[in-house]
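Participant: For the sequence shown, the tail end lands on 348 under the numbering used here, and the numbers increase by one without skipping.
Before anything else, here's the structure in question.
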Amino acid sequence: MLFITGITGLTGRYLYEILIEKGVKEKNIRCMVRETSDYSWLVKAGVEVCFGDAYSRDDLSRCMKGATRVIHLVNIRCVPQVIEACKISGVRRVILISTTGIYSKFNAYGEQYRKLERELVESSLDYTIIRPTMIYGNKRDKNIHRLINVAKRTPIFPIIGTGANLFQPIYAKDLAQAIYNAVVRDISVNKAYDVSGKYPISYQEMLAEIYKNLDKSPIFLHVPFLLAQVAAKIGDAIPRLLVNSERVNRLKEDKDYDHSLAKAELDFNPLSFQEGVRNEIRSMNIKVETRLGDYNEKTNSSSV
45 MLFITGITGL
55 TGRYLYEILI
65 EKGVKEKNIR
75 CMVRETSDYS
85 WLVKAGVEVC
95 FGDAYSRDDL
105 SRCMKGATRV
115 IHLVNIRCVP
125 QVIEACKISG
135 VRRVILISTT
145 GIYSKFNAYG
155 EQYRKLEREL
165 VESSLDYTII
175 RPTMIYGNKR
185 DKNIHRLINV
195 AKRTPIFPII
205 GTGANLFQPI
215 YAKDLAQAIY
225 NAVVRDISVN
235 KAYDVSGKYP
245 ISYQEMLAEI
255 YKNLDKSPIF
265 LHVPFLLAQV
275 AAKIGDAIPR
285 LLVNSERVNR
295 LKEDKDYDHS
305 LAKAELDFNP
315 LSFQEGVRNE
325 IRSMNIKVET
335 RLGDYNEKTN
345 SSSV
C-alpha cells in the first residue's frame, strides 16, 4: 500500500496520473486529505481516502496503518510527525519533498528546513529527500502563474536590479516523475536529490518568455535594490503582495541547481522553462497568437 499526503496539490495530481499510467492499482493507493479539499476525483477513481491533518501524528499513524511506503508532499515542517507516525505504524520507507530553499541565505525557514532534513536522516528510516526548485505547471502554482496573470494585465513589468539573476524552475510533472522513479528504485534509498528545470534562465529572460507566449511586448522597468527594499517593507505589512523583504533579498541570489545526480540515478530529464511555460499558458486557455505560430486560437488543453 502506497500512502500519500498532499495528493490534491499541483504535484500530487501529476503524480497520481503517473502512478496509474505505470500500472499502480487505485486499490493500492491511500491518500490523506482534508475534508475541505476537492477529493471527489479520488473517490470517483476508487482511491482510498482518509481524512486527517498532516501536522497530527495521530492522524498520520491512523491513516498510514498497513502502508509499506510513504510519499510526503505536504509541507516539510510536518517531518517530526511523519517520522513518529512511521515508527508507530511500522513503515520504514519515506519519500520526502523538501526544497532548494535550504540553500538560501535569505529564506526565513532555511535553517529550519535543514534541521528537519537532518531529523529524517537520523531517524533510521529508509528515506529519500527530493529538493525541487520553484515549482510551476498550472493555476495551482503560486509562482509562475502569478507572473503570467500580471503579464496578461499589463505590458509594464518592474524588475528589481538587473534581472540577470538566475532561476531554474521545475515543471510539476517532471517533479512527479522524479518522485515516482525514487519510489521504485532502490538506489534512491538514503539519498537526497536536487531537481530543477533543464537549464538556468535569467529572471528577465523568464519574464520575456512569458510575454512572448502571450503574444505581448513587455516594457521592463528596472528598479534599484534600495528603492525595492523600501517598497518591501510595505509588502511585509500587507499579505498577498508580490513584493516583500524575503522575495527582494532572494533576488540577489542565483537559484540554479545542479540536478546531475537525479539525472544519473533517477533518469531525470526535465523540460526547459520555454517548454514548460508554454504548456502552462496553454492549460489556462488563454487566447493568443504566438509569434512562433504554435497555435492561433483558444486551446482545448486541460489543466491537470
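Where a beta carbon is used, it is the ideal one built from N, C-alpha and C, also for glycine.
Bear in mind the structure is a predicted one, so any value in this text is a computation, not a measurement.
(1) Cβ atoms of Leu-59 and Val-123: under 9 Å apart, would you say?
(2) Assuming Ile-188 contacts Glu-324 (C-beta within less than 8 Å), just tell me the rounded distance between them.
(3) Under a three-way DSSP split, which group does His-189 fall into?
(4) Tell me the residue span of the alpha helix (DSSP H) that contains Arg-294.
(5) Inspect the CB distances between the region 105-112 and the region 45-56 and report whether three or more fall short of 8 Å.
(6) In chain order, what residues of the same chain have a beta carbon less than 8 Å from the beta carbon of Gln-265, not counting five sequence neighbours either side?
(7) Ala-129 lies in the alpha helix (DSSP H); which residues open and close that run?
(8) From which residue to which residue does the beta strand (DSSP E) around Ile-325 run?
(9) Report the rounded CA-to-CA distance for Val-287 versus Thr-144, giving the unit in angstroms.
(10) Pick out whichever of Arg-137, Leu-295, Tyr-247 has its Cα sitting closest to the Cα of Phe-269.
(11) Below 9 Å between beta carbons: does that hold for Ile-141 and Ile-115?
(12) Between the C-alpha atoms of Leu-336 and Ile-51, what's the straight-line distance to the nearest angstrom?
(13) Note down the Cα distance separating Lys-186 from Gly-53, rounded to an integer number of angstroms.
(14) Hey, quick one: how far does the alpha helix (DSSP H) through Leu-63 stretch, first residue to last?
(15) Tell me where the alpha helix (DSSP H) around Met-250 begins and ends.
(16) Suppose the cutoff is 6 Å on Cβ atoms and the five residues either side in sequence are ignored; what does the same chain contact list for Val-118 look like?
(17) Find the nearest neighbour of Lys-256 within the set Phe-150, Arg-326, Asp-300, judged by alpha-carbon distance.
(18) In its own chain, which residues sit with a C-beta less than 7 Å from the C-beta of Ile-132, not counting the 5 before and 5 after it?
(19) What does DSSP give as the partner residues of Ile-141 in its beta bridges?
(20) Can you tell me the Cβ-Cβ gap for Ile-62 and Ala-220, rounded? I've got them flagged as a contact below 8 Å.
(21) How long is the line joining the alpha carbons of Met-328 and Ser-167, rounded to whole angstroms?
(22) With a threshold of 16 other CB atoms inside 10 Å of the CB of Gln-156, please say whether the residue is buried or exposed.
(23) Indicate the three-state DSSP secondary structure (helix, strand or coil) for Ile-51 in the structure shown.
(24) CA-CA distance, Pro-213 and Lys-71?
(25) Using beta-carbon positions only, say whether Val-138 and Asp-170 come within less than 9 Å of one another.
(26) Reducing DSSP to helix, strand and coil, say where Tyr-83 ends up.
(27) Less than 6 Å between C-beta atoms, sequence neighbours within five positions excluded: which residues of the same chain meet that for Ala-276?
(28) Can you look up Glu-17 in the DSSP assignment and give me helix, strand or coil?
(29) Fully enclosed by the region 185-234, which beta strand (DSSP E) runs are 3 residues long or longer?
(30) Determine the burial state of Glu-319: buried for a count of at least 16 other Cβ atoms within 10 Å of its Cβ, exposed for fewer.
(31) What did DSSP end up calling Leu-46 once you bin it into helix, strand or coil?
(32) Could you give the DSSP three-state label for Phe-264: helix, strand or coil?
(33) Secondary structure at Ala-236, three-state DSSP: helix, strand or coil?
Facilitator: Considering the structure as presented:
(1) no
(2) 6 Å
(3) helix
(4) 289-294
(5) yes
(6) The amino acid at residue 265 is misidentified as Gln; the sequence shows Leu. Excluding residues within five positions, the ones whose Cβ falls inside 8 Å are Ile-200, Phe-201, Pro-202, Ile-203.
(7) 123-133
(8) Segment 317-327 is the alpha helix (DSSP H) holding Ile-325; no beta strand (DSSP E) there.
(9) 20 Å
(10) Leu-295
(11) yes
(12) Note on Leu-336: pLDDT 36, under 50, position unreliable in the model; the coordinate value appears next. The alpha-carbon atoms of Leu-336 and Ile-51 are separated by roughly 35 Å.
(13) 11 Å
(14) 54-65
(15) 247-257
(16) Thr-49, Gly-50, Ala-98
(17) Arg-326
(18) Ser-105
(19) Ile-174
(20) 5 Å
(21) 42 Å
(22) exposed
(23) coil
(24) 33 Å
(25) yes
(26) coil
(27) Val-287, Asn-288, Ser-289, Val-292
(28) Outside the displayed range of the chain (45 to 348) lies residue 17, so it cannot be described from this structure.
(29) 200-204
(30) exposed
(31) strand
(32) strand
(33) strand
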